[in-house]
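S.K.: For the first sequence, the residue numbers in our numbering are 3 to 482.
Supplied in structure tokens, the structure appears directly below.
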Amino acid sequence: MVQLQPEKAFPDKEKNFSEWYSLILERAELVDIRYNVKGFVVYRPNLMRLINLIRDELERGLTETGHQPVLFPLVIPMSYLRKEEEHITGFEAEVFKIKGEEGEEDLALRPTSETAFYPMYSLWIHSYRDLPLKLFQTVTVYRKETKATRPLIRGREFLWIEAHDAFSSKEEALNQVSEDIRITRNALEKFGLAFIVVEREEWDKFPGAEKTFAFDCIMPEGKVLQIATTHYLGTKFSVPFEIVFLDRDGCKKHVHQTCFGPGLSRMAAAIISTHGDEFGLVLPFEVAPIQVVVVPIPKEGFEEKIFGKCFEIGERLRKLNVRFKVDDSEDRPGSKFYKWELFGVPLRIEVGIKEVEEKKVTFFRRDLRKRWQVDEHLLEQEVLNVKEDILKVLKKKAYDRLESSLVRINSRSEGIEASRNGKIILMNFCGRQECAEKVKEDTGGYEIRGKRIDVEEKVWGSCAWCGRSAEKVVVVAKAF
RNA sequence: GGGGUCGUGGGCCAGUCUGGUCUACGCUGCGCGGCUUGGGCCCGCGCGGACGUGGGUUCAAAUCCCACCGACCCCA
3 MVQLQPEKAF PDKEKNFSEW YSLILERAEL VDIRYNVKGF VVYRPNLMRL
53 INLIRDELER GLTETGHQPV LFPLVIPMSY LRKEEEHITG FEAEVFKIKG
103 EEGEEDLALR PTSETAFYPM YSLWIHSYRD LPLKLFQTVT VYRKETKATR
153 PLIRGREFLW IEAHDAFSSK EEALNQVSED IRITRNALEK FGLAFIVVER
203 EEWDKFPGAE KTFAFDCIMP EGKVLQIATT HYLGTKFSVP FEIVFLDRDG
253 CKKHVHQTCF GPGLSRMAAA IISTHGDEFG LVLPFEVAPI QVVVVPIPKE
303 GFEEKIFGKC FEIGERLRKL NVRFKVDDSE DRPGSKFYKW ELFGVPLRIE
353 VGIKEVEEKK VTFFRRDLRK RWQVDEHLLE QEVLNVKEDI LKVLKKKAYD
403 RLESSLVRIN SRSEGIEASR NGKIILMNFC GRQECAEKVK EDTGGYEIRG
453 KRIDVEEKVW GSCAWCGRSA EKVVVVAKAF
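Take a look at the structure:
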């Protein structure tokens with residue numbers, strides 16, 4: 003068989019991420035940017051099916067931990083939004099407002115829904131018996147970003163899940179934060195993503211939160227992307243919103259709250275960017291809208307046998323509960339190969355006259371771009387093997403990428419050098435915002451992402467930038 | 001926030017500097033037919049745009065001027 007080297011369709015994403023990313027979004031039919039409203043794009047079927055699978059995974063985690071779905075209105079009266087001072091200060095500049103008619107108040111398109119949920123929580127919560135209250139919604143939110151927008155990464159409209167939980171004690175609320183982290187971690191592992199979990203610095207917290215924890219995902223060019231946050235709100239909202247309950251001891255108390263926001267659009271962006279290559283999308287089995295594509299290689303006079311075999315394989319895949327497609331369209335096989343590779347289908351099964359006669363099938367793995375023969379009767383077993391192995395390979399690659407990016411530094415000059423090399427920095431830090439601003443200035447945009455909490459890091463010296471005594475080890479990186 | 005580039009069939013674009021020869025090139029797409037199918041075949045016929053929007057200059061504007069709208073990229 004003469005095997006031509008297929009043409010690479012995309013640039014190296016590590017060298018020119020912007021170009022790679024725009025091209026893949028368009029060619030893999032993920033988004034269409036021609037809606038011509040800044041920061042708003044059309045999510046196409048290939049993307050929505052991916053996002054729905056991401057959503058299912060996270061919603062499953064939430065449901066298993068006692069959350070229930072709700073749907074709150076898109077609009078929030080400005081008076082609600084203004085009830086918590088830090089919150090409105092943090093968001094006011096980027097709120098889309100709808101001017102009220104004569105005598106009516108202005109409305110905001112939700113930038114996030116704390117101030118929509120909590121007036122209702124104050125009506126619904128009366129007794130410790132009403133707690134915990136754990137509700138979530140999967141919706142779009144709206145933020146009038148002033149910075150350059152980028153589809154899925156920074157849009158003025160994006161999709162997320164937001165969970166809003168209320169508890170009778172601080173301990174329970176803090177446990178919820180840990181649970182949120184667990185839910186996110188489980189999901190991200192199924193997506194094959196590498197990430198770090200950090201506690202954000204004081205000045206970088208969610209507006210209105212006591213504590214903010216974030217998942218930063220490693221992206222091409224050594225940048226990071228925040229893909230989920232969970233916040234301990236304490237009683238910062240329950241006081242102004244008057245969410246009180248009568249406890250067992252007969253005392254009225256304010257609830258302790260948490261909110262959790264895994265970003266679906268951004269998780270999709272992370273999956274696309276982490277796994278994709280010069281041939282297009284690469285999806286792990288778990289979130290691939292089409293997991294296996296069966297491609298017939300017709301030959302005159304044998305169509306019936308060949309197509310028959312393809313549909314027979316389809317039936318076997320159906321029984322395996324695999325999302326599959328038998329591509330019996332009229333294109334040439336080669337053009338189908340390109341297409342399904344571009345769309346990231348993890349496994350392709352090719353069936354021609356050779357396979358029919360030898361009772362074998364040809365497998366092709368998208369992640370390794372490797373082809374091999376499989377005995378027909380071992381099909382199911384091999385599909386399951388591949389499914390598992392693809393995730394393992396993608397995950398390892400992602401983690402290797404993260405590990406090779408991390409570098410510990412001891413001084414400002416080492417930090418500047420690391421930033422030039424596109425590294426993610428670990429360093430001792432004094433904790434002062436002033437010092438963080440200096441870091442950003444000196445490195446051309448590196449930010450203190452926070453104290454790493456998924457891996458225990460002990461302080462080994464003084465603050466790398468100012469030399470004062472360090473209180474923690476922080477992750478420093480350039481963010482999207 | 002600063003800078004750059006751009007807007008012409010469904011997609012990518014040539015043409016704009018030097019206004020007329022442009023109801024406008026080419027590729028791709030789409031439709032029909034033929035031939036075929038082991039990595040994007042090929043052949044024939046056909047479809048499809050008055051050039052982002054508004055105004056101005058001019059005998060004449062895709063082309064020059066102004067404003068607006070929108071997009072993309074880069075740097076902070």
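Just so you know, even glycine gets a beta-carbon here, dropped at the ideal spot from N, CA and C.
My guess is that leucine 404 and alanine 271 are in contact by the Cβ rule of under 8 Å, so how many angstroms apart are they, rounded?
M.R.: No, leucine 404 and alanine 271 are not in contact; Cβ-Cβ is about 17 Å, not under 8 Å.
S.K.: Which ranges does the beta strand (DSSP E) cover as unbroken runs of at least 3 residues, wholly within the stretch 351 to 414, from first to last along the chain?
M.R.: Runs found: 362 to 367, 372 to 377, 408 to 410.
S.K.: Which of helix, strand or coil does DSSP assign to glycine 263?
M.R.: In this structure, glycine 263 counts as strand in the three-state DSSP scheme.
S.K.: What did DSSP end up calling serine 331 once you bin it into helix, strand or coil?
M.R.: Three-state result, serine 331: coil.
S.K.: At which residue ranges does the stretch 3 to 67 contain complete beta strand (DSSP E) runs of 3 or more residues, listed in the order of the chain?
M.R.: 33 to 39, 42 to 45
S.K.: Taking contact to mean 3 or more Cβ pairs, one atom from each stretch, closer than 8 Å, check whether the stretch 446 to 459 and the stretch 196 to 210 are in contact.
M.R.: yes
S.K.: Give the DSSP-derived three-state secondary structure of aspartate 444 in the structure shown.
M.R.: Here aspartate 444 sits in helix by DSSP.
S.K.: Of the residues Gly224, Pro71, Glu306, Lys341, which one's Cα is nearest the Cα of arginine 29?
M.R.: Measuring from the Cα of arginine 29, the nearest candidate turns out to be Lys341.
S.K.: Is the Cβ-Cβ distance between asparagine 430 and valine 461 less than 8 Å?
M.R.: yes
S.K.: With the cut-off set at 8 Å, would you say lysine 338 and valine 297 are in Cβ contact?
M.R.: yes
S.K.: Using the C-alpha atoms, what's the distance from cysteine 432 back to leucine 6?
M.R.: Confidence in leucine 6 is poor, its pLDDT being 41 and thus under 50, which makes the residue's placement unreliable; the coordinate value appears in the next sentence. Looking at the two C-alpha atoms, the distance is approximately 57 Å.
S.K.: Between alanine 230 and phenylalanine 239, which are expected to be in contact by the criterion C-beta below 8 Å, what is the C-beta distance as a whole number of angstroms?
M.R.: With 8 Å as the limit, alanine 230 and phenylalanine 239 do not qualify as a contact, their Cβ atoms being about 20 Å apart.
S.K.: Keeping to the same chain, check which residues put their C-beta closer than 6 Å to that of glutamate 280; ignore five residues upstream and five downstream.
M.R.: Lys10, Phe12
S.K.: From the DSSP output, in three-state form, read off glutamine 293 for me.
M.R.: coil
S.K.: Alanine 165: which of Leu190, Phe138, Asp377 sits nearest, CA to CA?
M.R.: Phe138
S.K.: Could you give the DSSP three-state label for methionine 221: helix, strand or coil?
M.R.: coil
S.K.: In three-state DSSP terms, what is glutamate 201?
M.R.: strand
S.K.: Would you tell me roughly how many angstroms separate the C-alpha atoms of tryptophan 126 and glutamate 378, rounded to the nearest one?
M.R.: 59 Å
S.K.: Assess contact between the stretch 168 to 182 and the stretch 44 to 61, defined as three or more Cβ pairs (one per stretch) separated by less than 8 Å. Is contact present?
M.R.: Note that the stretch 168 to 182 does not touch the stretch 44 to 61; fewer than 3 beta-carbon pairs, one per stretch, sit closer than 8 Å.
S.K.: In this structure, does DSSP put tryptophan 342 in helix, strand or coil?
M.R.: Three-state DSSP puts tryptophan 342 in a helix.
S.K.: Hey, is arginine 268 close to the ligand HEM, as in C-beta under 7 Å from one of its heavy atoms?
M.R.: In the structure on display, the ligand HEM does not appear, and there are no ligands present to speak of.
S.K.: Compute the beta-carbon to beta-carbon distance between arginine 367 and valine 388, rounded to the nearest angstrom, for a pair I have assumed lies under 8 Å.
M.R.: With a contact defined as Cβ atoms closer than 8 Å, arginine 367 and valine 388 qualify at about 6 Å.
S.K.: Looking at tyrosine 130: is its Cβ nearer than 8 Å to the Cβ of phenylalanine 243?
M.R.: no
S.K.: Of all the options Val295, Arg325, Glu359, which has the alpha carbon lying nearest to the alpha carbon of glutamate 343?
M.R.: Val295
S.K.: So, using beta-carbon positions, are valine 477 and isoleucine 426 closer together than 8 Å?
M.R.: yes
S.K.: For arginine 371, tell me which candidate among Leu396, Asp330, Glu382, Ser20 has the shortest Cα-Cα distance.
M.R.: Taking only the C-alpha atoms, the option nearest arginine 371 is Leu396.
S.K.: My output table needs one value for glycine 2: the three-state DSSP class, helix, strand or coil.
M.R.: This structure leaves residue 2 out entirely; the chain is present only between 3 and 482.
S.K.: Under 8 Å: do the stretch 178 to 189 and the stretch 62 to 73 share three or more Cβ pairs, one atom per stretch?
M.R.: yes
S.K.: For phenylalanine 74, which residues of its own chain have a beta-carbon under 7 Å away from its beta-carbon, when the five flanking residues on both sides are left out?
M.R.: Counting only Cβ-Cβ distances below 7 Å, and skipping sequence neighbours, we find Ser115, Ala118, Phe119, Gln139.
S.K.: Could you please give the first and the last residue of the uninterrupted alpha helix (DSSP H) stretch that includes proline 121?
M.R.: Residues 116 to 126.
S.K.: When you compare only the Cα positions, how much space is there between arginine 156 and glutamate 86?
M.R.: So the alpha carbons of these two residues sit roughly 25 Å apart.
S.K.: To the nearest angstrom, how far is the alpha carbon of aspartate 333 from that of leucine 32?
M.R.: 22 Å
S.K.: When the distance is taken between beta carbons, is proline 71 closer than 8 Å to phenylalanine 93?
M.R.: no
S.K.: Please state whether DSSP places histidine 277 in a helix, a strand or coil.
M.R.: helix
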